[in-house]
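So the sequence lines, in the order shown, correspond to chains A and B.
Heads up: the first sequence begins at 26 in the numbering used here, then just goes up one per residue.
Heads up: the second sequence begins at 26 in the numbering used here, then just goes up one per residue.
Ideal placement from N, C-alpha and C gives every residue a C-beta, glycine not left out.
Quick caveat, the model's predicted, so the values are computed rather than measured.
The structure appears right after this line, and notes come after that.
Number of protein chains: 2
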Amino acid sequence: MQVTPELLSAFPSLKPLPPATLSRLAQESSVRKFARRGVVLTAGVREEFVCFLFEGRLQGVDFTIDGREVGLYFVEPGDFCGELGMFDHGPQPEFVIALTAVVTVFVPMESLRQVTLEHPMLLKLLGERLAARVRQLTRQRSLLGLPNISQRVCCQLWLLVPDDARQNLQASVINNPPTHMEIAIMLNLSRETVSRVFQILQTRQIVRRDGTSLLHVSDTAALKRLAEGKEEL
Amino acid sequence: MQVTPELLSAFPSLKPLPPATLSRLAQESSVRKFARRGVVLTAGVREEFVCFLFEGRLQGVDFTIDGREVGLYFVEPGDFCGELGMFDHGPQPEFVIALTAVVTVFVPMESLRQVTLEHPMLLKLLGERLAARVRQLTRQRSLLGLPNISQRVCCQLWLLVPDDARQNLQASVINNPPTHMEIAIMLNLSRETVSRVFQILQTRQIVRRDGTSLLHVSDTAALKRLAEGKEEL
DNA sequence: CTGGCTAAGTGACTACAATCACATAATAAC
DNA sequence: GTTATTATGTGATTGTAGTCACTTAGCCAG
């Protein structure tokens, strides 16, 4: 499907580029839609595209030697993934799966590399992005160190709360929340355990489900306290 | 202490730089030695140096909210750490601790940034290095997904085996191996559990201790099979 | 509206690693 | 050489999350 420069400029990382560059990139890019569960990027393959997420939620997943699924990170709209090859021409290290129906824009790596030559700014941006990824992986790893299981779940949930609500501790909504299973593999837990934690959070009226696509966070302050371990579940 | 250009060229990442550049960098750099347990980089601080490791072994560590220690990665001689700020000017995300007495070279970030302007090659190299770090963090995360504890320990041990021995499955030696505790925090295990796994590995004559500073890997093939889950301990 | 399917809730049971509490060994410090 | 300190080894006990085996709910397609 055709990509317009306007679509590309919806992404914070591309927005600063001049219109001419955006037009050129747009011509070489394509919109790709995936159904829930669709494989967006394949591990071990030299994917020659960077995948920008327009709508929906993605999850980076890997598999252990014995076939167990491991959740690595979530990708939110406006962000991108699969950019590692931009730096080292290596293969994509992990799978990226669509958690919901998604709309993505695939931009060829080679075109992006061309653009970085003309616009070092983009290179800088990519570097910052990669640094952010390292910081996020590090944070996620620390999370796994928590011996208290409910705290782990609450921390993960906390990371899914929109920024503004995190600031003001207002009630908020998480759109298309991951399933219990998807959370479980991120946290090295079983699906049942995550389910039991949610059960407690719901009876305590800290969160409330509203269909599959909405999770209301009613008591943001309580969630924060639980995430920080200041309160036990 | 004074740094010579020769010392700097011992690092694969700096070796390709022209002698004049190396001399300039050498003048601005300093050798710093740390005792075992010394704090090489501090979390949360904007460290204005990239730390190149000449001798010994470092460990990146973080702490969970409840104070539990979490091991993130090991740094081997020839490699460097603390480079994240080069990309985003952000604070150092984790502590870096000396596992043995170490000799490091601290190169000011600002000098390195200057060099990247003249030598895009270095920029490319730094990018590749950061990408490698992401790959390593990802691999380490997958490791934690392993439900079998001894496999986890064997995998980690396998990563410490020198490259050439990994290829040829020859007997080899791990210098200054991490303590059981240091391995434990990398793998989300208790010290005792690691100790028990080592006990089995030793009675099976797969590894052999030789003082504090040497760990002989006698049966590399068996270690590999255990790491891959092809054999149970 | 009715299957078919995926997600989520729940009890019972169990395995297994954490914890505790030491003993012992190996280094480092004096 | 002797003491202090840190690393390691080991048994006993316990808590807790995983697993199994279902049930129930929610969603979508026809």
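Residue environment: S238/B is assigned as exposed (fewer than 16 neighbouring CB atoms within 10 Å of its CB, all protein chains considered).
Judged by beta-carbon spacing, E153/A lies within the 8 Å limit of D113/B, meaning their Cβ atoms are closer than that value. The CB of R160/B comes closer than 8 Å to the CB of L109, G115 and P118 in chain A, given here in chain order. T228/A carries a helical assignment under DSSP once its states are collapsed to helix, strand and coil. With a 10 Å radius around the Cβ and a threshold of 16 neighbouring Cβ atoms, E80/B comes out exposed. C76/B is bridged by DSSP to C106/B and F131/B. Residue environment: G69/A is assigned as exposed (fewer than 16 neighbouring CB atoms within 10 Å of its CB, all protein chains considered). The DSSP-derived three-state label of I90/B is coil.
Within the segment 33 to 74 of chain A, the runs of alpha helix (DSSP H) at least 4 residues long that lie entirely inside it are, in chain order, 44 to 53.
By the criterion of at least three beta-carbon pairs nearer than 8 Å, the segment 157 to 165 of chain B is in contact with the segment 162 to 174 of chain A.
Nearest C-alpha to W183/B among V64/B, F120/B, V127/B and H241/B: H241/B. Collapsing the DSSP output to three states places Q195/A in coil. D91/A counts as exposed, since fewer than 16 other C-beta atoms from the protein chains shown sit within 10 angstroms of its C-beta. The alpha-carbon separation between V95/B and S48/B amounts to approximately 38 Å. H205/B: member of the alpha helix (DSSP H) spanning H205 to M211, first to last residue. Using a Cβ-Cβ cut-off of 8 Å, R234/A does not count as an interface residue toward chain B, since no Cβ of chain B sits closer than that to its own.
Within chain B, the residues R166, S167 and G170 have their CB atoms less than 7 Å from the CB of V95/A, given in chain order.
The secondary-structure analysis by DSSP pairs D235/A across a beta bridge with L239/A. Interface residue (Cβ-Cβ distance to chain A less than 8 Å): E253/B is classified as such. Collapsing the DSSP output to three states places V28/A in coil. Under the 8 Å criterion on CB atoms, A157/B is classed as interfacial with respect to chain A.
V121/A carries a strand assignment under DSSP once its states are collapsed to helix, strand and coil. When only Cα atoms are considered, A45/A and E53/A end up about 13 Å apart. Neighbours of T89/B in chain A, taken as residues whose beta carbon is under 7 Å from its own, are S167, G170 and L171 in chain order. Closer than 8 Å to the CB of T67/B there is not a single CB belonging to chain A. About 13 Å separates the CB atoms of L185/B and R177/B; that is not less than 8 Å, and the two are not in contact.
When 7 Å is used as the limit between beta carbons, G152/B is near these residues of chain A: F112 and G152, in chain order. Annotation: Cβ neighbours of N213/A in chain B (cutoff 7 Å, chain order): L169 and G170. V198/A is the residue among V198/A, L142/A and Q181/A whose C-alpha sits nearest the C-alpha of P187/A.
Listed by position along chain A, the residues whose Cβ is nearer than 9 Å to that of T204/B form an empty set, because the closest Cβ is around 18 Å away.
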